[in-house]
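Going by this note's numbering, the sequence shown opens with residue 9, and the numbers climb by one from there.
Think of the CB as a built atom: it goes at the ideal place given N, C-alpha and C, for glycine as much as any other residue.
See structure below.
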Amino acid sequence: METTLGTLLLVEDDPNDVMLFRRAKDKAKLANPLQVVSDGEMAIAYLRGEGHYADRAAYPFPTLMLLDLKLPRKSGLEVLEWLRQAQGIHRLPVVVMTSSKESADVGKAYDLGANSYLVKPVAFDTLLAMVRALGMYWLILNENPELPNEDS
Numbered sequence: 009m010e011t012t013l014g015t016l017l018l019v020e021d022d023p024n025d026v027m028l029f030r031r032a033k034d035k036a037k038l039a040n041p042l043q044v045v046s047d048g049e050m051a052i053a054y055l056r057g058e059g060h061y062a063d064r065a066a067y068p069f070p071t072l073m074l075l076d077l078k079l080p081r082k083s084g085l086e087v088l089e090w091l092r093q094a095q096g097i098h099r100l101p102v103v104v105m106t107s108s109k110e111s112a113d114v115g116k117a118y119d120l121g122a123n124s125y126l127v128k129p130v131a132f133d134t135l136l137a138m139v140r141a142l143g144m145y146w147l148i149l150n151e152n153p154e155l156p157n158e159d160s
């Protein structure tokens with residue numbers, strides 16, 4: 009049985025959204041470590057364990073990725089498409105957390121293999137409730153697939 013809590017990878021380019029998520033995570037008492045990258049290319053480098061992210065002790069492979077769609081360099085949809093084709097890590101659970109309610113974005117995210125699609129709430133209390141539910145479902149109740157501990 010795993011003794012350490014799985015790492016959350018938040019892929020988000022808006023520093024305000026990162027700060028609000030950190031606050032909600034802390035207030036929800038989610039003890040899981042949080043890693044943050046701010047663009048799609050950094051997300052792929054993190055998942056590959058390349059460059060700056062090669063040290064898996066400092067940058068462990070995540071248990072869950074929270075993915076914004078509107079990102080610089082590579083969009084969240086491009087990251088998701090890459091991930092679902094990546095050998096050995098393609099089963100990583102991905103929750104899209106974005107401001108887009110566009111049905112085309114929702115459909116495309118699910119077509120590319122998103123496990124869930126959440127629209128970022130405006131009110132902090134609603135975000136807190138979302139983070140609590142996210143933690144309960146994805147980090148406690150859900151059975152996750154085996155994923156790499158070292159190299160991807």
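Evaluate residue i with the Cβ neighbour count: other Cβ atoms within 10 Å of its Cβ, from every protein chain shown; 16 or more gives buried, anything less gives exposed.
i, result
"Ala62", "exposed"
"Phe132", "exposed"
"Ala141", "exposed"
"Arg32", "Contrary to the premise, residue 32 reads as Ala rather than Arg in this sequence. By the 10 Å Cβ count, Ala32 comes out buried."
"Pro23", "exposed"
"Tyr125", "buried"
"Met144", "exposed"
"His60", "exposed"
"Val19", "buried"
"Leu13", "exposed"
"Val130", "exposed"
"Thr71", "buried"
"Gly48", "buried"
"Asp34", "exposed"
Is any beta-carbon of chain C found at less than 8 Å from that of residue i?
i, result
"Asn152", "Among the chains in the structure shown there is no chain C, since it carries only a single protein chain."
When you compare only the Cα positions, how much space is there between residue i and residue j?
i, j, result
"Gln43", "Gly121", "22 Å"
"Ser83", "Met50", "11 Å"
"Ala66", "Tyr118", "31 Å"
"Thr11", "Asn40", "Reliability fails at Thr11, whose pLDDT of 44 lies under 50, so the model's placement of it is uncertain and no value is given."
"Val139", "Asp25", "13 Å"
"Lys78", "Leu85", "9 Å"
"Thr106", "Asp21", "11 Å"
"Met27", "Trp146", "21 Å"
"Asp113", "Val87", "14 Å"
"Lys109", "Val127", "7 Å"
"Glu154", "Ala94", "15 Å"
"Lys37", "Gly115", "32 Å"
"Glu89", "Ile52", "11 Å"
"Arg181", "Phe29", "In the structure displayed, the chain extends from 9 to 160; residue 181 sits before or after that span and is not available."
"Ser111", "Thr134", "22 Å"
"Pro156", "Arg64", "10 Å"
"Ala75", "Glu58", "Ala is not the amino acid found at residue 75; the sequence shown has Leu there. About 19 Å."
"Tyr54", "Ser46", "11 Å"
My understanding is that residue i touches residue j, with C-beta atoms under 8 Å, so please give their C-beta distance in whole angstroms.
i, j, result
"Pro68", "Thr15", "5 Å"
"Leu136", "Met73", "Contact flag wrong, Cβ pair sits at about 20 Å."
Less than 7 Å separating the Cβ of residue i from some heavy atom of the ligand MN?
i, result
"Leu147", "The ligand content of the structure shown is nil, which means the ligand MN is not present either."
Review point. Can at least three beta-carbon pairs, one atom from the region 142-151 and one from the region 97-105, be found at a separation below 8 Å?
Key: They touch, by the three-pair rule.
Exercise for review: Just list the beta strand (DSSP E) runs in the region 37-65, keeping only unbroken ones of 3 residues or longer that don't cross its boundaries, in chain order.
Suggested key: 42-45
**Study point:** Inside the region 66-148 only - beta strand (DSSP E) runs reaching at least 3 residues
**Key:** With a minimum length of 3 residues, the continuous beta strand (DSSP E) runs that stay inside the region 66-148 are 72-75, 102-106 and 124-127.
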